[in-house]
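Which chain is which? The protein sequence lines are A and B, in order. Positions -15 to 219 (my numbering) are the ones given, in order, by the first sequence. Positions -15 to 219 (my numbering) are the ones given, in order, by the second sequence. All C-beta atoms, glycine included, are put in the ideal place defined by N, C-alpha and C. Read through the structure below, which is laid out as structure tokens, and then see the notes.
Number of protein chains: 2
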Amino acid sequence: MTIRALVFDAYGTLYDVQSVLAKAEALCPGKGEVVTQLWRLKQLEYTWLRSLMLEYEDFWQVTGAALDFAVRAVGVEPNDAICEPLIENYLHLDPYPDARATLAALEGRKLAILSNGTPRMLQALLRNSGLDQWIETVISVDSVRAYKPHPSCYGLVEPALGIARIEVLFVSSNSFDVAGAKAFGFKVAWVRRAGAGGQQTMFGMLRGRAEELGHAPDHTISALTDLPGLVRAGE
Amino acid sequence: MTIRALVFDAYGTLYDVQSVLAKAEALCPGKGEVVTQLWRLKQLEYTWLRSLMLEYEDFWQVTGAALDFAVRAVGVEPNDAICEPLIENYLHLDPYPDARATLAALEGRKLAILSNGTPRMLQALLRNSGLDQWIETVISVDSVRAYKPHPSCYGLVEPALGIARIEVLFVSSNSFDVAGAKAFGFKVAWVRRAGAGGQQTMFGMLRGRAEELGHAPDHTISALTDLPGLVRAGE
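This is how it looks when you write it as structure tokens:
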């Protein structure tokens, strides 16, 4: 079956959420690494917990609440001087170095993003990074008021792109997202970057490995640049 | 409003899930602490993720999958010699030292457990620890095929006990459970033990603090033994 569209996760897959580290270290000296990691871990926990509590708040609010948690956890009371620059940084995350070349090499395919981010966050991110040059469709889970890996999120892709799920290659570095997308019925490529899953960081220990959720990806790649060859090989 | 029933969370609240540490260290020398913490963190993540994916598996299965993850994360391929003794330990967890005296002092109240555990796991745990002497009702989320903090879990309490939610004091040391129970409409006591929320462990950093989910507990106590006085003061 030909791949007619590539649908990318945004945070952690095309965009490096660890690129807030320098600013976190400048604002919380000696604690930037812990703040950055806790922030991301809690951000995801809160998407799951709020979905499960049936108390959806959008990703901008969840990201802010997770930042409050992370800052408090290192003994600092959250305040605008610290939190505003950090959360604003979420609109200016760096794309991974291999993102632009990969998207350029995939030109001619339908390229889309399916993300937990709000439409406003994603539009700002794409514009600020210039990736809007290649990504034609941006799909936010905000309209279904639940977060990945709820199947209703993945269910947004077929009507948005006008193609069937088996024609989609879903690309994510987040292992829970890989499991959710595969359970839904996409073909899935897991981007497992070198160094991910290490024992150096909480994030690496907890989220850098394959989940034991029973849905293995079709492909495991070590860089986005493996994608063009993988797509051509499937034809 | 008089408190007519106390409903306890089991794992982490009445029973010390860290009591598997000695066996984990014996089976994975030098790695027992990391395995124990990752196991518990992943166990909870998988309850949330499976609920969200609408792919419920029971808590015995989820606990086994989380153990596989934890063991693999420290570089060991899961095998029966390591995993069976550890998971069997989940039927023989130690109650916290203050659990028996607290339950004895609350005699005459309706005392119940609401837990993610399967009925079989909970019955074994209560029998093996002797807490079945005081706990008259054991409620497992297994019948609703979703995990806490989904509201359907807390919704099991009123029909099981024949009382209204505002007459319930829900007791948990798990901060996400505190948020879920409070959102549902129970009175809630958060057991925040001394040393919880420390920066020494991944578990302390991630789960030992109040969540930023907008539902503060009615009471924060540092030990279960604070409960009898708290209940009397409410009358």
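Smallest Cα separation from residue 162 of chain A: which of A:179, A:193 and A:142?
Cα-wise, what sits closest to residue 162 of chain A is A:193.
When you check each C-beta in the region 11 to 33 of chain A against every C-beta of chain B, which residues fall closer than 8 Å?
Per Cβ criterion, the list reads 18, 22, 25, 26, 29, 30, 32 and 33.
Pull the bridge partners of residue 123 of chain A from the DSSP assignment, please.
Note: residue 123 of chain A sits in a beta bridge opposite A:98.
Take residue 16 of chain B and list the residues in its own chain whose beta-carbon comes closer than 7 Å to its own, dropping the five residues that flank it on each side.
Contacts found: 5, 8 and 9.
So, is residue 127 of chain B buried or exposed, given that buried needs 16 or more other C-beta atoms within 10 angstroms?
By the neighbour-count rule (16 or more Cβ atoms within 10 Å), residue 127 of chain B is not buried but exposed.
With 7 Å as the C-beta to C-beta threshold (strictly closer), list the residues of the region 115 to 141 of chain A near chain B in chain order.
Correct list: 133, 134 and 135.
Suppose the cutoff is 7 Å on Cβ atoms and the five residues either side in sequence are ignored; what does the same chain contact list for residue 178 of chain A look like?
Excluding sequence neighbours, residue 178 of chain A sits near 206.
Cβ closer than 7 Å: which chain A residues qualify as neighbours of residue 157 of chain B?
The premise fails here: residue 157 of chain B is roughly 16 Å from chain A at the closest Cβ pair, so nothing lies under 7 Å.
Using three-state DSSP, classify residue 170 of chain B as helix, strand or coil.
Looking at residue 170 of chain B - three-state DSSP - the assignment turns out to be coil, as it is neither helix nor strand.
Closer than 9 Å by beta-carbon distance: list the chain B residues that pair up with residue 35 of chain A, in chain order.
In chain order: 32, 35 and 36.
Report the option in A:166, A:95, A:99 and A:64 whose CA atom is closest to the CA atom of residue 31 of chain A.
Nearest of A:166, A:95, A:99 and A:64 to residue 31 of chain A, Cα basis: A:99.
Taking all protein chains shown into account, do 16 or more other C-beta atoms lie within 10 angstroms of the C-beta of residue 64 of chain B, making it buried, or fewer, making it exposed?
Residue 64 of chain B should be labelled exposed.
From B:136, B:102 and B:56, pick the residue whose C-alpha is nearest to that of residue 37 of chain A; which is it?
When each option's Cα is compared against that of residue 37 of chain A, the closest is B:136.
What is the DSSP secondary structure of residue 143 of chain A, reduced to helix, strand or coil?
Helix at residue 143 of chain A.
Taking the beta carbon of residue 184 of chain A as the centre, do at least 16 other beta carbons fall within 10 Å, making it buried, or is it exposed?
It counts as exposed.
Nearest-angstrom Cα distance between residue 124 of chain B and residue 139 of chain B?
So the two alpha carbons sit approximately 11 Å from each other.
What's the gap between the Cα of residue 2 of chain B and the Cα of residue 83 of chain B?
Those two C-alpha atoms are separated by around 15 Å.
Are the C-beta of residue 91 of chain A and some C-beta of chain B separated by less than 8 Å?
It does not: the Cβ of residue 91 of chain A has no partner Cβ on chain B nearer than 8 Å.
Ordered along the chain, which non-local residues of its own chain (more than five positions away) have a Cβ less than 6 Å from that of residue 170 of chain A?
So the list reads 149, 152 and 154, once near-sequence residues are dropped.
Does any residue of chain B bring its CB to less than 8 Å from the CB of residue 39 of chain A?
Output row for residue 39 of chain A: interface = yes.
Any beta-carbon of chain B closer than 8 Å to the one on residue 179 of chain A?
No, no contact with chain B.
Could you check which residue in B:210, B:208, B:198 and B:91 has the C-alpha nearest to that of residue 53 of chain A?
Measuring from the Cα of residue 53 of chain A, the nearest candidate turns out to be B:198.
Residues of chain A with a CB under 8 Å from the CB of residue 210 of chain B: which are they?
Per Cβ cutoff of 8 Å: no residues; residue 210 of chain B is ~24 Å from chain A at best.
Quick check: is the beta carbon of residue 50 of chain A nearer than 8 Å to any beta carbon in chain B?
So yes, residue 50 of chain A belongs to the interface.
Per DSSP, which one or two residues make a beta bridge with residue 74 of chain B?
None, per the DSSP bridge assignment.
In this structure, does DSSP put residue 155 of chain B in helix, strand or coil?
Three-state DSSP puts residue 155 of chain B in a strand.
At which residues does the alpha helix (DSSP H) containing residue 109 of chain B begin and terminate?
Counting along the chain, the alpha helix (DSSP H) containing residue 109 of chain B begins and ends at 103 to 113.
For residue 40 of chain A, collect the residues of the same chain with a Cβ closer than 7 Å to its Cβ; drop the 5 residues on either side in sequence, then sort them by chain order.
The residues are 34, 129 and 130.
List, in order along the chain, the chain A residues whose C-beta lies closer than 8 Å to that of residue 53 of chain B?
Within chain A, the residues near residue 53 of chain B are 193, 195 and 196.
What did DSSP end up calling residue 1 of chain B once you bin it into helix, strand or coil?
Correct three-state label for residue 1 of chain B: helix.
Taking residue 218 of chain A as the query, report the chain B residues whose CB atoms sit under 7 Å from its CB, ordered along the chain.
Those within 7 Å of residue 218 of chain A in chain B number zero; the least Cβ separation is about 26 Å.
Considering just the uninterrupted stretch of the alpha helix (DSSP H) at residue 223 of chain A, what are its terminal residues?
No statement about residue 223 of chain A is possible, as the shown extent of chain A runs from -15 to 219 and does not include it.
Comparing C-alpha positions only, which one of A:176, A:144 and A:91 sits nearest to residue 159 of chain A?
Cα-wise, what sits closest to residue 159 of chain A is A:176.
So who's on the other strand from residue -8 of chain B, going by DSSP bridges?
Its beta-bridge partners are B:97 and B:155.
Cβ closer than 8 Å: which chain A residues qualify as neighbours of residue 5 of chain B?
None at all; the shortest Cβ gap to chain A is about 17 Å.
If you measure between the beta carbons of residue 43 of chain A and residue 101 of chain A, is that distance less than 8 Å?
Yes, they are a contact pair.
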